[in-house]
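S.K.: Pasting a structure here, questions to come.
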Amino acid sequence: MICLCVGTRPNFIKAAPLIRELVKQGIPYKLVHTGQHYDRNMSEYFFNDLELPKPDYTLQCDNPNQSTVGRIADIMTKLRGYIVQIKPSIVIVLGDVDSSLACALAANKAGFRVAHVEAGERCDDKTMPEEINRILIDELSDILFFASEQAYDRFLRNDNGHFVGNIMIDQLQYDLKIINGEAWRPASGIYSILTLHRQNNVDNFEKFVKIYQTMLKVSEKIPINFPVHPRTMPQVKKVANIYGVGNILIVPPMSRLDFLALVANAKFVMTDSGGLQVETSYLNVPCLTLREQTEWIDTLRWGSNVLTGIFEDDILKCVNQIIKGDWKQSKIKDEPAYSGHAAERIVEILKREIIKS
1 MICLCVGTRP NFIKAAPLIR ELVKQGIPYK LVHTGQHYDR NMSEYFFNDL ELPKPDYTLQ
61 CDNPNQSTVG RIADIMTKLR GYIVQIKPSI VIVLGDVDSS LACALAANKA GFRVAHVEAG
121 ERCDDKTMPE EINRILIDEL SDILFFASEQ AYDRFLRNDN GHFVGNIMID QLQYDLKIIN
181 GEAWRPASGI YSILTLHRQN NVDNFEKFVK IYQTMLKVSE KIPINFPVHP RTMPQVKKVA
241 NIYGVGNILI VPPMSRLDFL ALVANAKFVM TDSGGLQVET SYLNVPCLTL REQTEWIDTL
301 RWGSNVLTGI FEDDILKCVN QIIKGDWKQS KIKDEPAYSG HAAERIVEIL KREIIKS
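Mapping to the UniProt record's numbering: the sequence shown position 115 is 115, numbers consecutive.
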């Protein structure tokens, strides 16, 4: 039996195609939800959109006032008690969020094998909590599933590593069939999209003000749709009261399919998210990543993504290029990692690993 651990929106997206394939192959599994994303719009709506089953066990580690260390300890304690009861062959963790690190630690300490989906990615910036999580999860894992060739190359001598491709593309292809159906109405007009949630960009008020002031200037050129992450909302309200909203439409978190339809028809996207860099490149939508490093190197090499940091001149220069139609075309669909068969490859490997155990 497999134990699959999720806790945040990025986890849900990666878990959905994996669950479909586990069911298809007849492999029993238990789905554990840590509760890290406590907001209804951030969790329940995504479960519905992604057709995810109700979790077999919810840890309810959903206190928004809890420290990172406190949350990780809480998840570890509660998960350990559950997996000791069910005794899974393998515990699967996804991506680089705190929940994934906590679940990997709990499983490893309890003596269960850990498999990491999206292993080996690095941005080489250890000031980012996600980078620390990636490194630690890989060290704790017995099976590594690589989403990109550079991640695979980084661990080339590891006998337990497997290049399977990017599982986000499996789900994106699945969702696009729904969005492209006749019943789905894409947003009209010309607009851009902004998403922000990284601690490096959001928690420092002076830095956030700088970003927001730049976005006001961008909105003079093209309207901005800004679905606000719960952890970003307090800062957004504060700066909006001081500087106004310009041509920025501030909205609460959206469902997966509503947001994806918005992205697919956007003029461009500005983000500090990892997943959006991948999805925009697949959709050939220009993406300005408001960071100085990225773990998704593929999106820079072959995709429609560039790194602008939070520098106003660089952002405005890119916006002007996009408006003029002077932007690189994504060729990422031609890459093996973006075929949409990652879940199938992962489950085939898991079947062999279960037999070993």
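Even glycine gets a Cβ: it sits at the ideal position worked out from N, Cα and C. Source: prediction; values computed, not measured.
Identify, in the order they occur along the chain, each residue of the same chain with its Cβ nearer than 7 Å to the Cβ of Phe112, setting aside the five sequence neighbours on each side.
M.R.: The answer, listed in chain order, is Ile83, Pro88, Val91.
S.K.: Can you find a CB in chain B that lies within less than 8 Å of the CB of Ile332?
M.R.: Among the protein chains of the structure shown there is no chain B, as only one such chain exists.
S.K.: Would you call the CB atoms of Trp302 and Ile332 closer than 8 Å?
M.R.: Their beta carbons are under 8 Å apart, which means Trp302 touches Ile332 by this criterion.
S.K.: Which class does Ala15 belong to by DSSP, given the choice of helix, strand or coil?
M.R.: Helix.
S.K.: Specify, as a first and last residue, the run of the alpha helix (DSSP H) that Glu139 falls within.
M.R.: Counting along the chain, the alpha helix (DSSP H) containing Glu139 begins and ends at 129-140.
S.K.: Rounded to the nearest angstrom, how far is the Cβ of His33 from that of Gly70, given a contact under 8 Å?
M.R.: So it is not a contact: roughly 18 Å between Cβ atoms.
S.K.: Pick from Ser148, Ile143, Phe226, Leu260: whose alpha carbon is nearest that of Val251?
M.R.: Answer by Cα proximity: Phe226.
S.K.: In whole angstroms, what is the alpha-carbon distance linking Ala264 and Tyr191?
M.R.: Taking the straight line from one Cα to the other gives about 11 Å.
S.K.: Do Ser281 and Ser330 count as a contact pair if the criterion is CB distance below 8 Å?
M.R.: Contact: yes.
S.K.: Quick check: the Cα distance between Val97 and Asn133, rounded to an integer number of angstroms?
M.R.: Distance between the alpha carbons of Val97 and Asn133 is about 7 Å.
S.K.: Apart from the five residues on each side of it in sequence, which residues of its chain come closer than 6 Å, Cβ to Cβ, to Glu348?
M.R.: Within the same chain, Glu348 has no close Cβ partners at all.
S.K.: Tell me whether Thr68 is buried or exposed, calling it buried when 16 or more other Cβ atoms sit within 10 Å of its Cβ.
M.R.: Exposed is the call here.
S.K.: Count the other CB atoms within 10 Å of the CB of Glu118; is the residue buried (16 or more) or exposed (fewer)?
M.R.: So Glu118 counts as buried.
S.K.: Taking the C-alpha atoms as reference points, what is the distance between Asn63 and Thr77?
M.R.: The straight-line gap from Cα to Cα measures roughly 15 Å.
S.K.: Tell me whether the beta-carbon of Ile75 lies closer than 8 Å to the beta-carbon of Ala102.
M.R.: Result yes, Cβ atoms of Ile75 and Ala102 sit closer than 8 Å.
S.K.: What is the DSSP secondary structure of Lys238, counted as helix, strand or coil?
M.R.: Here Lys238 sits in helix by DSSP.
S.K.: My guess is that Ala147 and Ala337 are in contact by the Cβ rule of under 8 Å, so how many angstroms apart are they, rounded?
M.R.: Contact flag correct, Cβ pair sits at about 6 Å.
S.K.: Which whole-angstrom value is the C-beta distance of Asn200 and Met270, which I expect to be below 8 Å?
M.R.: About 15 Å; that fails the 8 Å criterion.
S.K.: Using the beta-carbon count (16 or more within 10 Å), is Gly325 buried or exposed?
M.R.: The residue is exposed, with fewer than 16 neighbouring Cβ atoms inside 10 Å.
S.K.: From Ser219, Ser141, Leu194, pick the residue whose C-alpha is nearest to that of Leu94; which is it?
M.R.: When only C-alpha atoms are compared, the closest one is Ser141.
S.K.: Return the CA-CA distance between Ile248 and Asp258, expressed in angstroms with no decimal places.
M.R.: Approximately 18 Å, taken between the alpha carbons.
S.K.: From this set, His229, Leu22, Tyr243, Lys30, which residue's C-alpha is nearest Gln213's C-alpha?
M.R.: Nearest option by C-alpha distance: Tyr243.
S.K.: Please report how far the alpha carbon of Leu196 lies from the alpha carbon of Leu288, in whole angstroms.
M.R.: The straight-line gap from Cα to Cα measures roughly 12 Å.
S.K.: For Arg9, count neighbouring C-beta atoms within 10 Å of its own C-beta (all shown protein chains included) and say buried if the count is 16 or more, exposed if not.
M.R.: When all chains shown are included, Arg9 counts as buried.
S.K.: For the beta strand (DSSP E) holding Arg113, just list the boundary residues, first then last.
M.R.: Element bounds for Arg113: 113-119.
S.K.: Quick check on Ile19: buried or exposed, where buried means 16 or more other Cβ atoms within 10 Å of its Cβ?
M.R.: By the neighbour-count rule (16 or more Cβ atoms within 10 Å), Ile19 is buried.
S.K.: Have a look at Val236 and Ile310 and give me their C-alpha separation to the nearest angstrom.
M.R.: Answer to the nearest angstrom: the Cα atoms are 16 Å apart.
S.K.: Would DSSP call Pro227 helix, strand or coil?
M.R.: Three-state DSSP puts Pro227 in a strand.
S.K.: Exposed or buried, what is Val23 when buried is set at 16 or more other beta-carbons lying within 10 Å of its beta-carbon?
M.R.: Val23 is exposed by the Cβ-count criterion.
S.K.: So, helix, strand or coil for Lys30, using DSSP?
M.R.: DSSP places Lys30 in strand when its eight states are reduced to three.
S.K.: Identify whether Tyr152 lies in helix, strand or coil by the three-state DSSP scheme.
M.R.: In the structure shown, Tyr152 sits in a helix (DSSP, three-state: H, G or I).
S.K.: For Glu21, collect the residues of the same chain with a Cβ closer than 7 Å to its Cβ; drop the 5 residues on either side in sequence, then sort them by chain order.
M.R.: Cβ within range, chain order: Ala343, Glu344, Val347.
S.K.: Out of curiosity, what's the CA-to-CA distance linking Leu156 and Asp125?
M.R.: Cα to Cα, Leu156 sits roughly 22 Å from Asp125.
S.K.: Would you identify the three-state DSSP class for Ile349, choosing helix, strand or coil?
M.R.: Here Ile349 sits in helix by DSSP.
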